[in-house]
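One rule links them: number in my numbering = place in the sequence shown (from 1) + 16. Positions of the beta carbon are idealized from the N, C-alpha and C atoms, including for glycine. Notes follow the structure.
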Amino acid sequence: MPYCSHCGVEVDHKVESCPLCRAPIQQLPRDPEGMPEYAQVDYKEARVRLPAEYRRRFAVYLLSLVFSTPLLVVMVIDFVQSGALDWSLYVAAALLTGWAYSVIPLLVRRRVVAIVLSYVAVSAGFLWVLDYLLGPPWWFYSVGLPILAVLAVVCCAVVVSSLKVKRKGANIAAFVLVGIAVFCIGVDVVIAAHMRGAAALTIGWSAIVAVALLPSAGFLLYLQYGIARRIDFRRKFHV
């Protein structure tokens with residue numbers, strides 16, 4: 017709204033003279049209709065977005081700094097206290113394994129099976145280092161590696177099965193339950209072979225786990241492929 021330059025009274029923009037002091041009102045050109053008063057800046061478009069490859073490399077460098085700092089600290093403390101590297105080697109192995117777990121998804125992108133196999137390889141290296149540091153009796157090749165192989169096969173089977181199904185829902189949970197049951201059976205067989213020899217392979221506690229999990233997995237599969245085809249649970253529960 018314009019103001020009178022003589023007495024300061026606010027007047028309508030159509031008034032040519034002040035109704036109080038009769039002074040003429042200066043008529044300035046108005047902005048065109050529909051035009052914004054100030055320039056509009058789209059800050060989302062103006063924001064500089066770094067390339068994805070650069071952001072991944074920066075994340076790897078940052079994680080390397082985060083894990084290397086405590087690694088150097090514990091190794092220096094161990095060397096100052098005992099004059100050699102003793103217990104810090106276990107901490108170093110754990111920290112390096114954690115670093116590898118963290119950077120693998122950044123380096124191996126969108127390949128789930130490759131990520132799982134990379135995790136298995138890192139875990140195998142960690143278990144071998146622990147077996148070497150602990151000394152005899154050796155257990156890596158007879159217990160650690162077979163259990164890790166069973167875990168790798170089960171994880172890859174669950175991941176591939178989950179990715180290939182078109183309709184995802186309760187069947188994913190069923191695949192996970194079956195994988196847990198198979199993994200427990202594998203662990204039971206490996207431990208029995210290590211403790212009692214290959215001639216006495218028996219299934220003990222893993223049978224109880226399988227009996228508890230497999231019926232639940234079967235019910236979830238029936239729920240997904242049997243009942244869910246006839247009943248729309250999303251509409252039923254307003255999801």
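Query: Go to Val92, then tell me how far its alpha helix (DSSP H) extends in each direction, as first and last residue.; Result: 68-98
Query: Short of 7 angstroms in beta carbon distance, which residues of its chain neighbour Ala197, apart from the five on each side in sequence? Order them along the chain.; Result: Val225, Ala226, Leu229, Leu230
Query: Residues in its own chain within less than 7 angstroms of Trp155 by CB, not counting five upstream and five downstream?; Result: Asp147
Query: Measure the C-alpha to C-alpha separation of Val159 and Ala165 and round it to an integer number of angstroms.; Result: 10 angstroms
Query: Under a three-way DSSP split, which group does Pro162 fall into?; Result: helix
Query: So the alpha helix (DSSP H) Ser222 belongs to, where does it begin and stop?; Result: 221-238
Query: Who are the Cβ neighbours of Arg72 in its own chain at under 6 angstroms, not counting the five residues just before and after it?; Result: Leu122
Query: So, Val170 versus Val129, is the Cβ gap smaller than 8 angstroms?; Result: no
Query: Apply the 10 Å Cβ neighbour rule to Phe74 and answer buried if 16 or more other Cβ atoms are within range, or exposed otherwise.; Result: exposed
Query: Does DSSP classify Ser134 as helix, strand or coil?; Result: helix
Query: Alpha carbon to alpha carbon, what distance is there between Pro18 and Asp28?; Result: 7 angstroms
Query: The alpha helix (DSSP H) that contains Asp28, what's its start and end?; Result: Taken as a continuous stretch (DSSP letters only), Asp28 belongs to no alpha helix (DSSP H), as it is neither H nor E.
Query: Consult DSSP for Ser118 and reduce its assignment to one of helix, strand or coil.; Result: helix
Query: Strictly by DSSP, which residues pair up with Ser33?; Result: Pro40
Query: Touch check for the segment 81-91 and the segment 104-114: three-plus C-beta pairs under 8 angstroms?; Result: yes
Query: Just the C-alpha distance for Gly99 and Met91, rounded to the nearest angstrom, thanks.; Result: 11 angstroms
Query: Go ahead and label Val205 buried or exposed: buried means 16 or more other beta carbons lie within 10 angstroms of its beta carbon, across all protein chains shown.; Result: buried
Query: In whole angstroms, what separates the C-alpha of Leu79 from that of Leu88?; Result: 14 angstroms
Query: Looking at Val194: is its Cβ nearer than 8 angstroms to the Cβ of Ala140?; Result: no
Query: Assign Gln97 to one of two classes, buried (16 or more other C-beta atoms within 10 Å of its C-beta) or exposed (fewer than that).; Result: exposed
Query: Skipping 5 residues on each side, what residues in its chain have a beta carbon closer than 7 angstroms to that of Val181?; Result: Asn187
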